[in-house]
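*Asks:*
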Amino acid sequence: MTARPEEMVHGKRVVTVAESEAQTVRETILTALREGSHFKLEAGAGAGKTSSLIEALQSILADRDRYLPRRDQRVACVTYTNVARDEIISRTDGSPSVFADTIHGFLWQLLAPFPKYMLRYVVELDAMQSRLEGRTSLDGYTVDYSTGYRKVDHDTLHVQLAHDDLPALACKFFALPKFRALAADRFPIVFVDEYQDTPAGLVEAMLGTPGEETRLRGPLCGFFGDHWQQIYDKVCGTIDDPRVKPIVRRRNRRSQRAVVDLLNAMRPELEQTTSPGAGEGSIAIYHTNDWAGTRLTHHRKGQIGWDAAHAARSWALEDARRRLWNTEVSDGLDGGRAAAPSTKILMLTHETIAGELGYQRLHQAFRRNESYVKKEDHVMAFFLDVLEPALLHHRNKRYGAMFDAFGQRSLLTSPADKHAWAALLKELERTREDGTVGDVLDLCLNQQLFDGLGKVRERHRKSVPLANSESQAESDDKAKARAEEYEALRAVPYAQLLALHDHLGGGTPFATQHGVKGQEFDRVLAVVSKGHTRFQIPEMLANFSRRHGLQGKEREAFVRARNLFYVACSRAKEHLALLFTTKLDPAALDTLRKWVGDSRIISLRFDGDSVICGEREMNNAVSPVRG
Numbered sequence: 001m002t003a004r005p006e007e008m009v010h011g012k013r014v015v016t017v018a019e020s021e022a023q024t025v026r027e028t029i030l031t032a033l034r035e036g037s038h039f040k041l042e043a044g045a046g047a048g049k050t051s052s053l054i055e056a057l058q059s060i061l062a063d064r065d066r067y068l069p070r071r072d073q074r075v076a077c078v079t080y081t082n083v084a085r086d087e088i089i090s091r092t093d094g095s096p097s098v099f100a101d102t103i104h105g106f107l108w109q110l111l112a113p114f115p116k117y118m119l120r121y122v123v124e125l126d127a128m129q130s131r132l133e134g135r136t137s138l139d140g141y142t143v144d145y146s147t148g149y150r151k152v153d154h155d156t157l158h159v160q161l162a163h164d165d166l167p168a169l170a171c172k173f174f175a176l177p178k179f180r181a182l183a184a185d186r187f188p189i190v191f192v193d194e195y196q197d198t199p200a201g202l203v204e205a206m207l208g209t210p211g212e213e214t215r216l217r218g219p220l221c222g223f224f225g226d227h228w229q230q231i232y233d234k235v236c237g238t239i240d241d242p243r244v245k246p247i248v249r250r251r252n253r254r255s256q257r258a259v260v261d262l263l264n265a266m267r268p269e270l271e272q273t274t275s276p277g278a279g280e281g282s283i284a285i286y287h288t289n290d291w292a293g294t295r296l297t298h299h300r301k302g303q304i305g306w307d308a309a310h311a312a313r314s315w316a317l318e319d320a321r322r323r324l325w326n327t328e329v330s331d332g333l334d335g336g337r338a339a340a341p342s343t344k345i346l347m348l349t350h351e352t353i354a355g356e357l358g359y360q361r362l363h364q365a366f367r368r369n370e371s372y373v374k375k376e377d378h379v380m381a382f383f384l385d386v387l388e389p390a391l392l393h394h395r396n397k398r399y400g401a402m403f404d405a406f407g408q409r410s411l412l413t414s415p416a417d418k419h420a421w422a423a424l425l426k427e428l429e430r431t432r433e434d435g436t437v438g439d440v441l442d443l444c445l446n447q448q449l450f451d452g453l454g455k456v457r458e459r460h461r462k463s464v465p466l467a468n469s470e471s472q473a474e475s476d477d478k479a480k481a482r483a484e485e486y487e488a489l490r491a492v493p494y495a496q497l498l499a500l501h502d503h504l505g506g507g508t509p510f511a512t513q514h515g516v517k518g519q520e521f522d523r524v525l526a527v528v529s530k531g532h533t534r535f536q537i538p539e540m541l542a543n544f545s546r547r548h549g550l551q552g553k554e555r556e557a558f559v560r561a562r563n564l565f566y567v568a569c570s571r572a573k574e575h576l577a578l579l580f581t582t583k584l585d586p587a588a589l590d591t592l593r594k595w596v597g598d599s600r601i602i603s604l605r606f607d608g609d610s611v612i613c614g615e616r617e618m619n620n621a622v623s624p625v626r627g
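Take the sequence shown: its position 477, counting from 1, is numbered 477 in the numbering used here, and each next residue is one higher.
#1: Just checking H460 against the ligand GDP - is the residue's beta carbon closer than 8 Å to any of the ligand's heavy atoms?
#2: Look at V75 and F99 and say whether their C-beta atoms are less than 9 Å apart.
#3: Compute the Euclidean distance between the alpha carbons of Q196 and L412, then round it to the nearest angstrom.
#4: Taking the CB atoms as reference points, tell me whether G279 and Q256 lie closer together than 9 Å.
#5: Starting from K151, trace the beta strand (DSSP E) both ways and give me its first and last residue.
#6: Using 8 Å as the threshold, is the segment 219-239 in touch with the segment 189-209, meaning 3 or more CB pairs across them?
#7: Buried or exposed: which applies to P538, given that a residue is buried once 16 or more other Cβ atoms fall within 10 Å of its Cβ?
#8: Would you decide whether S282 is buried or exposed? Buried here means 16 or more other CB atoms lie within 10 Å of its CB.
#9: P493 by DSSP, collapsed to three states: which one?
#10: With 16 as the cutoff for other CB atoms within 10 Å, does Y399 come out buried or exposed?
#11: Would DSSP call A278 helix, strand or coil?
#12: Please identify the residue among H227, E376, H363 and Q129 whose C-alpha is closest to the C-alpha of L564.
#13: Strictly by DSSP, which residues pair up with S603?
#14: Can you tell me which residues form a DSSP beta bridge with C77?
#15: So, using beta-carbon positions, are R180 and Q73 closer together than 9 Å?
#16: Can you give the beta carbon distance from V567 to Q109, rounded, assuming they're within the 8 Å contact cut?
#17: Which runs of the beta strand (DSSP E), 3 residues or longer, sit entirely within the segment 492-535?
#18: Helix, strand or coil, according to DSSP, for I537 in the structure here?
#19: Out of P242, D319 and V440, which has the shortest C-alpha to C-alpha gap to T431?
#20: In the DSSP output, which residue or residues are listed as bridge partners for H38?
#21: Out of curiosity, what's the CA-to-CA distance linking L550 and L525?
#22: Quick check: the Cα distance between T288 and E370, rounded to an integer number of angstroms?
#23: Ignore the nearest five residues each way along the sequence and tell me which others in M347's own chain have a CB closer than 8 Å to its CB.
#24: In this structure, does DSSP put N264 in helix, strand or coil?
#25: Are the beta-carbon atoms of S52 and V78 separated by less than 9 Å?
#26: Ordered along the chain, which non-local residues of its own chain (more than five positions away) have a Cβ less than 7 Å from that of A405?
#27: For L489 versus V559, is the C-beta spacing smaller than 9 Å?
#28: Please name the residue or residues paired with N252 in a DSSP beta bridge.
#29: Pair every Cβ in the segment 53-68 with every Cβ in the segment 168-184, then say whether three or more of these pairs are closer than 8 Å.
#30: Buried or exposed: where does I612 fall if 16 or more other Cβ atoms within 10 Å of its Cβ makes it buried?
#31: From the DSSP output, read off the bridge partner residues of S610.
#32: Note down the Cα distance separating L263 from E42, rounded to an integer number of angstroms.
#33: Using DSSP with H/G/I as helix, E/B as strand and the rest coil, what is L221?
#34: Taking Cβ to Cβ, would you say I304 is nearer than 9 Å to L317?
#35: According to DSSP, is E574 helix, strand or coil?
#36: Indicate whether V143 and P115 have their beta-carbon atoms separated by less than 9 Å.
Right, dumping it as structure tokens:
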């Protein structure tokens, strides 16, 4: 690593404060391992948790015999994304002494050698009861985990485990001291990245009952994470076990001072410091309390109207960009496509993004809002993963790749074959522009040139008769609902599916606040709205001063909203802007003022649904803001 000028003294490189902290953390981790102690590295956003994990791994590999006395032993690194897994493998040069995989890959590695014991526990899982058909034993069955979908086939005597089944089974296995000892024999050390996302109960099971270590010792566990970044349900959160040694890393290597100051105001118990040479950065908070229109109701209670929200987002972004960010670069924010956007607009829900990008009817077609984004629907998966990539290859004259995408290596043995393909592709391109999803789908279902539509054809066959049936008794409620969902999807203009495809491919600056966990951007505009019943950020801000007295469900709701807000704010490297399109109580505004001061809080003024200006309070006087 090349030293920066400020790191040189008389021509010699000196250790910076940031490097000193990293070295101290690494040595503390290694000392804990040598002493046979579990540990937990707690580090705020941007502090380099994964870097500490990899640095510790590299030190273990450099002194392998001390930590892995047998040649067949490995360090296990548990991650929660394939991206994180691949980074660990790359930065340890694919060492055979490191087993890096997702939590499910790691658990299956441990459980797979014991199929008979697994099947004994499978019959105890609540999620399996409806598929057992009254059976209390699965002796003679085989068991597998590959697709992540739960299935019990009593004809072939086979059990297919779902994603959620593995942690539940692992908890039962880790409760056995002998199993933990067998796990330690293969993996003396287990590192868990983003420990706060570990399925509930699994950490406790891995650690075992206090006192059992004297007989059969399980793996030494190192947990790397931040319990303030727990935003999912049914996961670990924090770890409070006296056997786990706490280690703290405070240097924020990501964000500039203004952003770090906000994070510290939110979280004074884990005060972070900035890296040497960090710039000032900026914070701006915009609110819409003065909008005079009729606010939305139900799950969006208190939210300003859609047109006003769009106008507020546009105005706040332009004001921040010109007045604070000093950039004229659109980053795709004005409809242009940027190669590497450094500005991100974070929304609370997919519904809000759909409104911004113009695929509302597509969003409304699905009962479960995220099912179409995750491509759980076979029709959506076909369009987004097969048809659109194939047509892109065709437009770029990559015909071999096009046929591969279709799953059909065409021989084109005659001019008639070539003409048939050309006619189909031309009709598909035309229909995509002005037709509906159903129009494009029918073209695909009726052609004879490529296959791979088995699941789509099955969905069509099951749904059309039910959707057209007047008798509710002809189907159960679930099948009827899926049929109606299918018909609603068919009626959506295909242009809306193209807008979603562009968004999922990174062609827009929008993302959900959940979806950017672990990422970072130069500039962030986080829009705080209503719409997600489990994340009520305005209420969290209003309750912040009394946070220590909250109990029960009120406390749980506060923590959920606080953590998501913290994740959203901490994505920014240089500049952060927050826009509240829902009404803020006086207590919520007071919290924001304590965090950032009056001068950074701007009230948007409206004429109908149009923003005409912004005003901020400075020493109890109103100061206009030019946008």
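Heads up, the beta-carbon is just placed ideally off N, CA and C, and yes, glycines get one too.
*Replies:* Taking the definition as stated:
#1: Absence of the ligand GDP from the depicted structure is noted, as is the absence of any ligand whatsoever, leaving it without description.
#2: On the sequence shown, residue 75 is found 75 positions in, with the first residue counted as 1. On the sequence shown, residue 99 is found 99 positions in, with the first residue counted as 1. Yes, they are a contact pair.
#3: The count along the sequence shown starts at 1 and reaches residue 196 at position 196. The count along the sequence shown starts at 1 and reaches residue 412 at position 412. Taking the straight line from one Cα to the other gives about 54 Å.
#4: Locating residue 279 in the sequence shown gives position 279, counting from the first residue. Locating residue 256 in the sequence shown gives position 256, counting from the first residue. It is a contact, given that the beta carbons lie within the stated cut-off.
#5: Walking along the sequence shown from the start, residue 151 turns up at place 151. K151 to D153 is the span of the beta strand (DSSP E), which, as asked, contains K151.
#6: yes
#7: As a first step, residue 538 must be located in the sequence shown, where it is residue number 538. Under this definition P538 is a buried residue.
#8: For the purposes of this step, residue 282 is taken as the residue at position 282 of the sequence shown. Its Cβ being crowded by 16 or more others within 10 Å, S282 is buried.
#9: The residue given as residue 493 occupies position 493 in the sequence shown. Correct three-state label for P493: strand.
#10: One-based indexing of the sequence shown puts residue 399 at position 399. The residue is exposed, with fewer than 16 neighbouring Cβ atoms inside 10 Å.
#11: If you number the sequence shown from 1, residue 278 lands on position 278. Coil, per DSSP.
#12: Here residue 564 corresponds to residue number 564 of the sequence shown, with the count starting at 1. Nearest option by C-alpha distance: H227.
#13: Residue numbering aside, residue 603 sits at position 603 when the sequence shown is read from its first letter. According to DSSP, S603 bridges with H287 and E615.
#14: In the sequence shown, residue 77 corresponds to position 77, counting from 1. Paired residue(s): A100 and F191.
#15: If you number the sequence shown from 1, residue 180 lands on position 180. If you number the sequence shown from 1, residue 73 lands on position 73. Against a cut-off of 9 Å, the Cβ pair of Q73 and R180 comes out as no contact.
#16: Within the sequence shown, the letter at position 567 stands for residue 567. Within the sequence shown, the letter at position 109 stands for residue 109. The pair is not a contact, with the Cβ atoms about 30 Å apart (cut-off 8 Å).
#17: 510-512 and 521-528
#18: On the sequence shown, position 537 is the one that residue 537 refers to. Correct three-state label for I537: helix.
#19: Residue mapping note: residue 431 aligns to position 431 of the sequence shown, counting from 1. Of P242, D319 and V440, the residue nearest in Cα terms is V440.
#20: Working through the sequence shown from its first residue, we reach residue 38 at position 38. Answer is V244, bridged to H38.
#21: Counting from 1 along the sequence shown, the entry for residue 550 is found at position 550. Counting from 1 along the sequence shown, the entry for residue 525 is found at position 525. Cα-Cα distance, rounded: 30 Å.
#22: As a position in the sequence shown, residue 288 is number 288, starting the count at 1. As a position in the sequence shown, residue 370 is number 370, starting the count at 1. About 28 Å.
#23: On the sequence shown, residue 347 is found 347 positions in, with the first residue counted as 1. I353, E356, F510, A511, T512, Q513, V527 and S529.
#24: Within the sequence shown, the letter at position 264 stands for residue 264. N264: helix per DSSP, three-state reduction.
#25: Translated into positions along the sequence shown, residue 52 becomes position 52. Translated into positions along the sequence shown, residue 78 becomes position 78. Contact flag unset, no.
#26: As a first step, residue 405 is located in the sequence shown; it is residue number 405 there, counting from the start. Only V386, P389, A390 and H393 meet the Cβ criterion.
#27: Sequence index remark: in the sequence shown, residue 489 carries index 489 (1-based). Sequence index remark: in the sequence shown, residue 559 carries index 559 (1-based). No, they are not a contact pair.
#28: On the sequence shown, position 252 is the one that residue 252 refers to. Answer is T274.
#29: no
#30: On the sequence shown, position 612 is the one that residue 612 refers to. So I612 counts as exposed.
#31: As a working mapping, residue 610 is identified with position 610 in the sequence shown. BP columns for S610 point to D607.
#32: Counting from one through the sequence shown, the residue named residue 263 turns up at place 263. Counting from one through the sequence shown, the residue named residue 42 turns up at place 42. Answer to the nearest angstrom: the Cα atoms are 15 Å apart.
#33: Counting from one through the sequence shown, the residue named residue 221 turns up at place 221. Reading off the sequence, residue 221 comes out as Cys, not Leu. Here C221 sits in strand by DSSP.
#34: In the sequence shown, residue 304 corresponds to position 304, counting from 1. In the sequence shown, residue 317 corresponds to position 317, counting from 1. No, Cβ-Cβ distance for I304 and L317 is not below 9 Å.
#35: Stepping through the sequence shown from its first residue, residue 574 is reached at position 574. The answer is strand: DSSP assigns E574 an E or B state.
#36: Counted from its first residue, the sequence shown places residue 143 at position 143. Counted from its first residue, the sequence shown places residue 115 at position 115. Yes. Within cutoff.
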